[in-house]
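Q: Just so we're aligned: 485 in UniProt numbering is position 485 of the sequence shown, and the numbers increase by one with no gaps anywhere. By construction, the Cβ of each residue, glycine as well, lies at the ideal position given by its N, Cα and C atoms. Note that the coordinates shown come from a computational prediction; the quantities given were computed from them, not determined experimentally.
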Amino acid sequence: MRRSLLGGIPLLYQTPLRWRKSQTLLVVKPSAACISSASYLETGHIELRENEGLFFVNNIFPPKLHWILEGPLRASRSYEEALKRIDRPHLAASDPLRIIRRVFPKELDVDIREVIPRFREGGAFVKYTRKEGVKDTDIETAIKHNLKEHPIRPWFNPFQQVKLARVLGRPWVEDLYRIPSPRLRVEFLPGRTDNSATDLTTETLYSLFRSYGKLKDIEKQSSESKITPRYAYVEFARSKYAVTAKNCMHGFNVPEQEGGGKPYTRLKINYERKIKLSMIKDWILSHPRIVIPTLAALIAAITVAIFDPIRTFFIKMKIKATLQIEENSVLRWIRKQVSRANIMGLGYQASDPRGLTAIWEDRQEDISQLQSWLMEDVETFIVIHGPRGSGKRELVLDQALKNYKYKVVIDCKQIQDARGDTAKIARAASQVGYRPVFSWMNSISSFIDLAAQGMIGTKAGFSETLDAQLSNIWQNTATALKKVTLDNRKKSDKDAHLTDEEYLEAHPELRPVVVIDNFLHNNTEDNVVHEKITEWAAGLTNGNIAHVIFLTTDVSFAKPLSKVLSNSVLRTISLGDCSPEVGRRFVLNHLADDARTGDKSPKNDEDLEDLDICIEILGGRVTDLEFMAHRIEAGETPRGAVNRIIEQSTSEILKMFILSTDVGAQWSHEQVWHLIRMLANAKDGSLPYDQVLLSDLFKENGEAALQALEQAELISIGSVNGCPETVKPGKPVYRAVFRKMTQNRTLSSRLDLEILSHLISKENKSIGKYEEELRLLGSLPKQPRELTARVQWLLQKVYNSQNKISKYEAESAMLQKILQSGH
1 MRRSLLGGIP LLYQTPLRWR KSQTLLVVKP SAACISSASY LETGHIELRE NEGLFFVNNI
61 FPPKLHWILE GPLRASRSYE EALKRIDRPH LAASDPLRII RRVFPKELDV DIREVIPRFR
121 EGGAFVKYTR KEGVKDTDIE TAIKHNLKEH PIRPWFNPFQ QVKLARVLGR PWVEDLYRIP
181 SPRLRVEFLP GRTDNSATDL TTETLYSLFR SYGKLKDIEK QSSESKITPR YAYVEFARSK
241 YAVTAKNCMH GFNVPEQEGG GKPYTRLKIN YERKIKLSMI KDWILSHPRI VIPTLAALIA
301 AITVAIFDPI RTFFIKMKIK ATLQIEENSV LRWIRKQVSR ANIMGLGYQA SDPRGLTAIW
361 EDRQEDISQL QSWLMEDVET FIVIHGPRGS GKRELVLDQA LKNYKYKVVI DCKQIQDARG
421 DTAKIARAAS QVGYRPVFSW MNSISSFIDL AAQGMIGTKA GFSETLDAQL SNIWQNTATA
481 LKKVTLDNRK KSDKDAHLTD EEYLEAHPEL RPVVVIDNFL HNNTEDNVVH EKITEWAAGL
541 TNGNIAHVIF LTTDVSFAKP LSKVLSNSVL RTISLGDCSP EVGRRFVLNH LADDARTGDK
601 SPKNDEDLED LDICIEILGG RVTDLEFMAH RIEAGETPRG AVNRIIEQST SEILKMFILS
661 TDVGAQWSHE QVWHLIRMLA NAKDGSLPYD QVLLSDLFKE NGEAALQALE QAELISIGSV
721 NGCPETVKPG KPVYRAVFRK MTQNRTLSSR LDLEILSHLI SKENKSIGKY EEELRLLGSL
781 PKQPRELTAR VQWLLQKVYN SQNKISKYEA ESAMLQKILQ SGH
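(1) In whole angstroms, what is the alpha-carbon distance linking residue 211 and residue 165?
(2) Counting Cβ pairs, one atom from each stretch, are 3 or more of them under 8 angstroms apart for the region 621-628 and the region 637-645?
(3) Give the straight-line distance between the Cα atoms of residue 180 and residue 250, rounded to the nearest whole angstrom.
(4) What are the boundary residues of the alpha helix (DSSP H) that residue 236 is part of?
(5) Could you check how far apart the C-beta atoms of residue 406 and residue 512 are, in whole angstroms? I think they sit under 8 angstroms.
(6) With the cut-off set at 9 angstroms, would you say residue 825 and residue 208 are in Cβ contact?
(7) Is it right to say residue 590 is buried, meaning 16 or more other beta carbons lie within 10 angstroms of its own, or is it exposed?
(8) Can you find the residues in the same chain that come closer than 6 angstroms, C-beta to C-beta, to residue 63, ignoring five residues on each side of it along the sequence?
(9) On the three-pair Cβ rule with 8 angstroms, is the region 238-249 touching the region 213-224?
(10) For residue 583, which residues of its own chain have a beta-carbon under 6 angstroms away from its beta-carbon, when the five flanking residues on both sides are left out?
(11) Which whole-angstrom value is the C-beta distance of residue 481 and residue 319, which I expect to be below 8 angstroms?
(12) What distance in whole Å lies between the Cβ atoms of residue 505 and residue 544, which are believed to be in contact at a cut-off of 8 angstroms?
(13) Looking only at DSSP bridge pairs, what is residue 547 linked to?
(14) Can you grab the Cα-Cα spacing for the pair residue 152 / residue 99, in whole Å?
(15) May I have the straight-line CA-CA distance separating residue 189 from residue 112, to the nearest angstrom?
(16) In chain order, what residues of the same chain lie with their CB nearer than 7 angstroms to the CB of residue 808, ignoring the 5 residues before and after it?
(17) Measure the CB-CB distance between residue 608 and residue 632 and report whether it falls below 9 angstroms.
(18) Using the rule of at least 16 other Cβ atoms within 10 Å of the residue's Cβ for burial, across every protein chain shown, is residue 287 buried or exposed?
(19) Roughly how many angstroms lie between the CA atoms of residue 812 and residue 666, to the nearest whole one?
(20) Which partner residues does residue 540 have in the DSSP bridge list?
(21) Can you give me the start and stop residues for the beta strand (DSSP E) that residue 411 sits inside?
(22) Under three-state DSSP, which class holds residue 24?
(23) Assuming residue 570 contacts residue 291 under a Cβ cut-off of 8 angstroms, what Cβ separation, rounded to an integer in Å, is found between them?
(24) With DSSP as the reference, label residue 38 as helix, strand or coil.
(25) My guess is that residue 705 and residue 671 are in contact by the Cβ rule of under 8 angstroms, so how many angstroms apart are they, rounded?
(26) Find the nearest neighbour of residue 728 within the set 717, 736, 738, 721, judged by alpha-carbon distance.
(27) Considering only residues of the same chain and omitting the five flanking positions on each side of residue 386, which have a CB-CB separation below 8 angstroms?
(28) Pull up the DSSP beta-bridge partners for residue 385, would you.
(29) Exposed or buried, residue 419, counting other C-beta atoms within 10 Å across all chains shown (16 or more means buried)?
(30) When the Cα atoms are used, what is the spatial distance from residue 697 to residue 537?
(31) Compute the distance between the beta-carbons of residue 864 and residue 284, then report whether it is under 9 angstroms.
(32) Could you check what DSSP says for residue 812 in three-state terms: helix, strand or coil?
(33) I'd like the list of long-range same chain contacts for residue 738, defined as Cβ closer than 7 angstroms, with 5 residues on each side in sequence excluded.
(34) Smallest Cα separation from residue 272: which of 248, 199, 219, 252?
(35) Can you give the Cα-Cα distance for residue 51 and residue 132, rounded to whole angstroms?
(36) Give the straight-line distance between the Cα atoms of residue 474 and residue 309, rounded to the nearest whole angstrom.
Next up, the structure:
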């Protein structure tokens with residue numbers, strides 16, 4: 001009975017087959033004998049009876065395709081279960097019986113007992129029964145002679161021939177995952193348990209294995225090695241030679257007369273890979289200091305090579321996004337027709353919903369100056385400085401750059417206010433169109449870096465810092481800006497012969513404009529965001545890639561910019577509050593635009609009563625004037641709108657400066673209230689800078705506190721020739737706010753009482769220091785006359801401080817009475 005597997009799965013002939021020479025075509029008949037019921041798959045060995053022999057036929061299966069031949073058996077519990085279910089040998093992809101018929105010459109009268117395919121090794125074992133008086137060597141010689149006369153070439157490799165060798169040992173037939181290799185590990189086992197194995201010499205190994213193929217090397221185990229059993233490496237020129245040698249010589253007993261020792265030495269052979277996967281794994285695990293940083297560098301290189309061009313493309317698309325609409329011919333035609341209709345009176349003129357026309361008319365000189373700087377062929381750094389609400393952003397984007405082709409706006413406030421590095425990276429990337437950005441990967445990579453730091457002592461570099469990530473974003477943005485400008489180049493231009501750098505330098509009008517809004521927002525000494533933006537902006541101007549405009553409320557902008565402006569020109573425009581006349585026109589224009597569009601009814605003179613007085617109170621701050629205009633539109637009187645602004649500002653000041661519990665503030669509540677009280681009582685609304693510093697509350701950290709309060713926009717410091725001269729309220733409306741706060745007797749008395757308590761405590765500490773020095777001088781055994789002046793000076797200091805304490809306590813008593821009375 002013959003058994004096979006579909007699709008080239010093992011053929012196993014478990015009933016004896018006899019070949020008869022009497023017919024031209026060999027006829028296979030079952031023999032009367034039966035083989036052992038024990039399967040080689042269970043024992044791992046092929047059992048041979050008397051007059052039975054075993055050959056190994058090589059090169060009859062494609063070893064590289066063994067996974068196809070063994071595929072259906074992977075899910076089976078054993079080979080035998082699958083073999084019992086299949087009985088169609090004619091459907092097999094390669095029938096071993098047909099090959100073996102050609103291998104064995106016809107004149108040999110042998111019975112084939114079993115054919116055991118070895119797909120992974122590309123061969124098969126053939127178990128046969130020989131006649132009485134016939135030797136295995138004679139059968140082997142006849143078969144090899146037949147193969148020499150009639151060579152068999154496999155279909156999968158016509159350049160190689162089928163080879164056969166007699167099995168001398170006791171092969172181990174297993175279905176483990178063992179990959180054939182040209183290198184064999186030959187172990188020497190003793191013939192008896194009470195003996196030790198004998199190391200075979202190189203000459204003995206050569207004589208045993210040379211007949212199976214060309215040997216490449218024989219490597220003996222070191223004599224100093226303590227590893228047992230002893231072994232040697234035998235390497236063949238080809239894998240198929242090693243496969244034959246392993247299957248024929250495994251379990252072979254080398255007798256004493258051939259160098260095997262007493263009684264013999266048994267060979268145990270396994271495949272030995274030249275480079276073990278375990279060796280690679282061990283090396284990787286043993287050298288994490290090299291492997292982990294190398295892996296991080298490789299990942300970074302791949303990321304740059306693949307994603308950076310994509311990110312640059314998306315940034316270019318964002319820069320050109322506004323232009324795509326303007327360059328559309330259909331939209332341009334519609335816009336032109338609408339403009340003509342407006343001229344002919346067929347439609348209403350474009351409205352100014354915020355009423356800023358009056359502001360822009362007043363600042364036309366600043367707008368023209370800014371536009372002229374953008375046309376200059378110099379490395380230009382432009383800073384637009386002014387308090388919040390002065391219209392810096394509108395002046396630049398809506399007026400100066402209204403007709404400019406390419407512009408990029410970066411808001412530092414959005415980046416700074418984001419919580420955590422991941423959020424900052426995402427905000428910065430979204431503002432310039434940098435994507436894809438895997439900001440969430442930074443958190444995961446940080447954990448990997450933390451684990452690597454615990455293992456190798458240093459960070460592996462998987463996670464990039466905020467500094468590195470921002471550098472990548474700005475660098476890609478610079479590349480995109482440069483490409484946007486160079487896209488305008490044509491071969492027909494008269495300056496087509498110029499290099500890219502020369503072209504950029506020669507055409508400042510084509511450079512994009514980068515507007516950096518809210519520069520130095522929440523600035524600290526080690527602020528990565530502002531530092532990287534400043535360095536990047538310097539590179540843009542130095543490389544003639546783009547013009548850069550900074551919008552800031554921070555008066556100390558020159559300090560961080562001077563670090564990178566070694567050769568660049570710093571151009572500055574300071575925006576202050578508009579004049580009362582311009583403020584009035586702004587409010588009226590705002591109200592008139594609403595009336596024209598029909599949103600609200602026009603206001604009469606009665607509705608606008610006290611408008612001039614209210615504008616004088618608010619000053620020329622655009623945001624406050626706009627708020628008042630909105631409240632008037634809602635039906636309030638100008639006086640009511642101003643009162644609402646004053647109340648809102650009062651609440652903000654109390655919350656931020658008076659009632660705040662921020663321990664990191666550089667000012668004290670007492671210093672803030674002292675300034676508010678002094679500014680409220682100032683005749684012209686300003687105080688001499690030095691007068692503030694001379695007050696008792698500002699003697700210790702006076703200048704630092706004033707600078708911090710200026711940054712917080714509670715006050716503004718006026719300078720003359722770079723030297724601080726005056727201290728004013730941060731906004732014009734703050735004069736009225738400060739007066740209103742001081743008119744609140746309860747609030748004023750409570751805060752004045754805190755100031756007096758602080759001053760009393762300060763004078764008591766001073767008296768304590770003076771008394772301590774007097775005590776030290778009084779402990780001297782003699783009183784030198786040279787110390788008389790010092791003692792008198794200390795006594796006078798104690799006297800003066802005590803007089804101040806008495807004065808402060810008297811004032812405190814009066815304030816306490818006021819608080820107790822509730823008035």
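A: Concretely, from the data shown:
(1) 9 angstroms
(2) yes
(3) 14 angstroms
(4) No alpha helix (DSSP H) holds residue 236; the beta strand (DSSP E) holding it covers 231-236.
(5) 4 angstroms
(6) Absent from the structure is residue 825, since the part of the chain shown begins at 1 and ends at 823.
(7) buried
(8) Cβ neighbours of residue 63 beyond the five flanking positions: 122.
(9) Touching, yes.
(10) When the five nearest sequence neighbours on each side are left out, the beta carbons in the same chain lying within less than 6 angstroms of the beta carbon of residue 583 are those of 615, 620, 625, in order along the chain.
(11) 7 angstroms
(12) 5 angstroms
(13) 513
(14) Distance between the alpha carbons of residue 152 and residue 99: 8 angstroms.
(15) 32 angstroms
(16) Taken in chain order, the residues that qualify are 756, 759, 760.
(17) yes
(18) exposed
(19) The alpha-carbon atoms of residue 812 and residue 666 are separated by roughly 26 angstroms.
(20) Per DSSP, none; premise fails for residue 540.
(21) 407-411
(22) Any reading at residue 24 needs caution, since the residue's pLDDT is 29, under 50, leaving its predicted position unreliable; the model's value is listed next. In the structure shown, residue 24 sits in coil (DSSP, three-state: anything other than H, G, I, E or B).
(23) Wrong, their Cβ atoms sit about 49 angstroms apart, outside the cutoff.
(24) Because the pLDDT at residue 38 is just 44, under 50, the model does not fix this residue reliably, and the point stays unresolved.
(25) 5 angstroms
(26) 717
(27) 392, 553, 574, 575, 576
(28) 552, 574
(29) Exposed.
(30) 41 angstroms
(31) There is simply no residue 864 to check, as the chain begins at 1 and stops at 823 in what is shown.
(32) helix
(33) 676, 679, 680, 729
(34) The option with the nearest alpha carbon to residue 272 is 219.
(35) Looking at the two C-alpha atoms, the distance is approximately 7 angstroms.
(36) 14 angstroms
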